[in-house]
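FYI, in numbering that gives the first Met the number 0 the residues of the sequence shown are 0 to 373. Where is the CB? At the ideal position from N, CA and C, for every residue including glycine.
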Amino acid sequence: MPRAASKHSPSPSPVMIDLRVTLAPGVEAGEGPFVAGNLPALGDWKPGAVPLRPLGKRVYGLAFPAPAGHPVEFKITRGSWKTQAIYLDPAGRFPPDNRVLKPERDTRIDLTVIDWLDRVAVEVDPVVGDLRTHEPMAGEGLREPRPVQVWLPPSYARGRRRYPVLYMHDGQNLFEPAASFCGADWKVDEVVSRLIGERRLPEIIVVGIGNTADRMQEYNLARRPGRAYARFLIEVVKPFVDRTYRTLPEPEDTAVMGSSMGGLVSFQLAWTFPGVFGKAGCLSSAFYKAWTPLARQVRHAPDTGRHLRVYFDTGELEPPIVRSFHLMERLLREVGLRPGRDFEAVFVPGATHSERAWSDRLHLPLQFLFGSPG
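Here it is as structure tokens:
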């Protein structure tokens with residue numbers, strides 16, 4: 000079960016990791032292979048930034064330092080997330096989870112790649128409920144239009160009732176595994192349907208806004224593309240949804256949610272525009288990407304948080320997310336916000352930085368933000 004985390008200790012001494020990757024017969028390297036992971040030496044999750052060097056016939060490798068006892072998380076790719084490696088996964092999961100270890104000493108890792116994600120069939124998982132896809136929408140200051148999908152609750156087709164709305168970033172990863180960058184989705188349609196059926200969640204509308212190649216800049220209001228993205232949500236997407244569907248448009252019925260950079264921008268949107276978004280769900284939030292302006296904003300306007308409902312979390316195996324999670328929890332307490340009422344901070348033991356991990360705990364932010372049906 001999720002629990003409160005202990006305070007983190009000083010940075011440990013480094014150990015060396017010797018990564019060896021063998022391509023099975025018939026598996027070609029193409030432009031790769033590359034390694035992408037949670038350390039600077041692994042490209043900070045840029046899928047085509049760190050190439051493995053040839054060591055022999057069909058064998059590639061990289062030696063890199065990592066802090067002892069520090070979680071190391073990575074994937075092998077051919078340069079993009081659509082071309083990540085497939086291994087023999089002992090858990091039988093497809094695509095495989097990120098590789099994770101916590102080395103206490105110098106360690107060698109041997110992996111065999113049996114195929115690439117773009118060469119195999121991705122799971123077909125029919126959407127549960129009524130999902131409507133609209134033409135890509137453009138916004139001033141944004142380079143690319145992006146798709147918008149709207150999931151409607153079970154009773155929407157009956158009567159004239161209006162519903163709270165949840166706006167979610169990275170829309171390609173929410174409803175269908177085949178649309179996701181990694182072949183795994185959040186299963187939002189399934190989780191929300193189940194919670195509604197169990198009377199653990201009121202009926203809501205979910206809006207998925209697709210990402211683009213500018214995601215890292217757009218999901219940070221400290222950057223100009225991020226401010227353009229905020230205007231796009233507030234001036235284009237939300238007005239379209241409110242006039243097209245039967246919504247409850249007030250901030251107390253409007254939430255925004257995302258993970259990683261999507262978690263960061265969700266927090267920023269709620270704190271900057273509390274008259275639009277009254278709730279924020281921030282999973283594995285990359286607070287550290289904009290910590291200084293974010294902390295300044297919270298300290299200068301602490302009363303804003305008393306009119307919001309904010310959920311944020313971290314998995315155990317995703318530093319530096321863990322470090323900024325503790326900093327944010329401490330900061331919100333310092334400015335007088337109340338845990339369990341104004342905000343909920345959840346530490347999840349053993350959880351990685353992945354779509355599957357966020358799907359597994361999606362019920363937590365949904366229930367905190369929207370509560371149980373009356």
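Limits of the unbroken beta strand (DSSP E) element including residue i
i	result
R214	Looking at the DSSP string, R214 is not in any beta strand (DSSP E); the run it does join, the alpha helix (DSSP H), is R214 to E217.
I75	V71 to T76
I208	I204 to I208
T253	T253 to S258
P66	V58 to P66
R395	The structure shown has nothing for residue 395, since the chain only spans 0 to 373.
P13	P13 to L22
P45	Just to set this straight, residue 45 is Lys in the shown sequence, not Pro. No beta strand (DSSP E) contains K45, which DSSP labels as neither H nor E.
K278	K278 to L282
Proximity below 8 Å, CB of residue i to CB of residue j
i	j	result
E175	V127	no
A62	I108	no
H362	G257	no
R355	D96	yes
G78	P39	no
Q171	G209	yes
V164	T246	yes
V26	P70	no
F311	G262	yes
P152	I204	yes
Nearest to residue i (by Cα), restricted to the options the options
i	options	result
D341	L365, P318, L307 and T351	L307
E251	P125, A294 and V309	V309
W150	T106, Y244, P348 and S258	Y244
R19	S12, Y59, E234 and A289	Y59
F73	G55, K56, R57 and L51	L51
E217	V26, E328 and V264	V264
F33	P273, V112, V99 and L365	V112
V235	R222, H133, S284 and F346	H133
S259	L368, R98, S323 and R118	S323
L368	F239, M136, R332 and E343	E343
W80	A254, T106, G158 and L116	L116
T106	P24, P13, E328 and Q83	P13
A65	T253, P238, R159 and N37	N37
R281	L365, L100 and R337	The sequence given here places Cys at residue 281; Arg does not occur at that position. Per the Cα distances, L365.
P135	P153, T211 and I203	T211
T253	T271, K278 and W44	K278
A48	L87, A35 and L54	A35
P24	D114, G207, N219 and E202	D114
L220	K237, E197, A285 and R157	A285
T291	L330, P318, R214 and A156	L330
Residue i, enclosing alpha helix (DSSP H) - first and last residue
i	result
P364	H362 to F369
K237	K237 to T243
P301	P301 to G304
A229	R223 to F231
G196	V187 to G196
Contact with chain B by residue i, beta-carbon distance below 8 Å
i	result
R199	No chain B is present in this structure, which holds just one protein chain.
Beta-bridge partners of residue i, as assigned by DSSP
i	result
K288	Answer by DSSP bridge pairing: none, since K288 is not bridged.
A35	K74
T246	Y162
V309	A279 and F342
V26	Note: V26 sits in no beta bridge, so no partner.
- Task: Give, in chain order, every unbroken run of the beta strand (DSSP E) that is at least 3 residues long and sits entirely within the segment 86-172.
- Result: 98-100, 106-112, 129-136, 145-151 and 164-167
- Could you name each continuous beta strand (DSSP E) segment of 3 residues or more that falls completely within the segment 314-366, going from the start of the chain to the end? 342-347
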